[in-house]
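Asks:
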Amino acid sequence: MADPTQPVLSGMASRPSGGPVTAKYHLYDSGGAPVGSSPLGQRAVNGGERASFRIPAGIVRPGRAYTWQMQTCVSGTDGSGEICTPKTAPVGFTTPGTPNEPPAEEVRHLTLGKDGFVIKTAKTDPTACGGNPCTVTDSATMQIGGAGADKTVTVIGLKLDGLPDGTGVSEAVMKLGTPTCPAGSCPGDTVITAAPLKSAVTGETKGPNLAGDIDATGAAHTFPIATPQADIAGSEYQWLMLTSDKDEVIAFGDAAAAEQPSIALTYLPAGPPGKVLNLAAAPGDGGAVTSWGMPESNGGVALLEGYDVEVSDGDGVVNTLQVTDPMAVISGLTNDTAYTVNVRAKTRFGVGDWESTTVTPKAVPPPPPRGSGGDGRRHRARDRDSRTGLEGGALGIGSGTDERRGRQCTGLHI
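Numbering (the UniProt record's numbering), first residue to last: 1 to 414.
1. Look up Trp68 in the DSSP assignment and give the residues it is bridged to.
2. Have a look at the DSSP bridge pairing and note the partners of Gly47.
3. Roughly how many angstroms lie between the CA atoms of Thr22 and Phe252, to the nearest whole one?
4. Give the single residue among Gly212, Gly234 and Pro208 whose Cα lies nearest to the Cα of Ala219.
5. Just the C-alpha distance for Ser331 and Gln322, rounded to the nearest angstrom, thanks.
6. In this structure, does DSSP put Arg387 in helix, strand or coil?
7. Please confirm whether Asp159 and Leu110 have their CB atoms less than 8 Å apart.
8. Less than 8 Å between C-beta atoms, sequence neighbours within five positions excluded: which residues of the same chain meet that for Gln42?
9. So Ile156 and Phe117 are in contact, right, with Cβ under 8 Å, and what is the actual spacing, rounded?
10. Expressed to the nearest angstrom, what Euclidean distance is found between the alpha-carbon atoms of Gly166 and Val276?
11. Roughly how many angstroms separate the alpha carbons of Glu296 and Gly274, rounded to a whole number?
12. In three-state DSSP terms, what is Asp150?
13. What did DSSP end up calling Lys114 once you bin it into helix, strand or coil?
14. Per DSSP, which one or two residues make a beta bridge with Val169?
15. Rounded to the nearest angstrom, what separates Ile414 and Arg348 at their Cα positions?
16. Taking C-alpha atoms, which residue in Asp213, Lys362 and Pro179 lies nearest to Asp336?
17. I want to know whether the stretch 245–265 touches the stretch 167–180 - three or more CB-CB distances under 8 Å.
18. DSSP state of Thr5, grouped into three classes?
Next comes the structure, spelled out in structure tokens:
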């Protein structure tokens, strides 16, 4: 490693014919997240030659571990795009130096070029293919526009396998690139619309059915042809149908175009959920009932898997529970003893921080004897907790037997 801040990645590019091969390089951090763009870089060589690529300055950090992979690609014989080998086995390296402490929430970026897009086109007229509807077909370029039986739309999907599982994308700026038109110049007031679809696009998808599959709950994204870019965050995992408000056919992604399609993603890797909200506990006779609200953040694209509940007194932990709902009934406690109740949320990516409250169980006071004094009226001396819906006063927790059915019962009584 001649320059530790700019390592050279090198591998053999094999092609039996000796023809041209494009080597592509992918770099990942120690957690498996892609570093820089994907691919980070590429080199064109002839088959049988060694392909080497120097990592640009400012990409790797001192004292960090990385892995890299290479894949080789050739142009398809039908001109529909590239054919690529699987990536090589990961090769690891560590840059010398002392690592800097990363921020608590490290925002990351990933840029995909044209080869990160899956492009398909179709005619939308129901009789455009010999009197029958046309199926979508793979294409090297985005073709949009036309009139009558020749009206064409493009559907695109993104290859997001480089994003870590559970990632939350905050920004996804898609650029369609430089447009090309048969007349040379494209109408300057053209607007391209990208509408998210509800269903995945397959080789059986019919062009006339695409419009009926638009996801009305998602926002459509507009690309003015003068600056054909838009933030599609929220739709990055869906197929997008591209249409034009003009009849003239417009293409993006032509090999001779000055700028190719790309998308720049900003994201946070998945992490643990946040703290539970509004934790409260109501005392009972020998126990307590506690409830809380869900955390503001799940830490990524993940479902809450439940909650850990921990009860402790001055000597240590006396009870632990795992529950799926945001409440727990705690029994087996000693009256007039103060307890701390800790609750945390959990997902498959980790556990959140504990949130705490205190509670002191109280015995249920005995009812007054029959015939005792008083004014003959019933009085209610409980205050309702507006957050939990629980009434103040003593809450009894116990069990008994239903003698009629012979069943054991557990319940609460106020």
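Positions of the beta carbon are idealized from the N, C-alpha and C atoms, including for glycine.
Replies: Concretely, from the data shown:
1. Leu27 and Val91
2. DSSP lists no partner for Gly47.
3. 22 Å
4. Gly234
5. 14 Å
6. Residue confidence is low: Arg387 scores 43 on pLDDT, short of 50, so the model does not pin down where it sits. Its coordinate-derived value is still stated next. Arg387: coil per DSSP, three-state reduction.
7. Correcting the residue type first, residue 159 is Lys in the shown sequence and not Asp. Contact flag unset, no.
8. Thr22, Ala23, Lys24, Tyr25 and Phe53
9. 5 Å
10. 20 Å
11. 6 Å
12. helix
13. helix
14. Tyr267
15. Low per-residue confidence applies at Ile414: pLDDT is 43, beneath 50, and the placement is therefore not dependable enough to give any value.
16. Lys362
17. yes
18. coil
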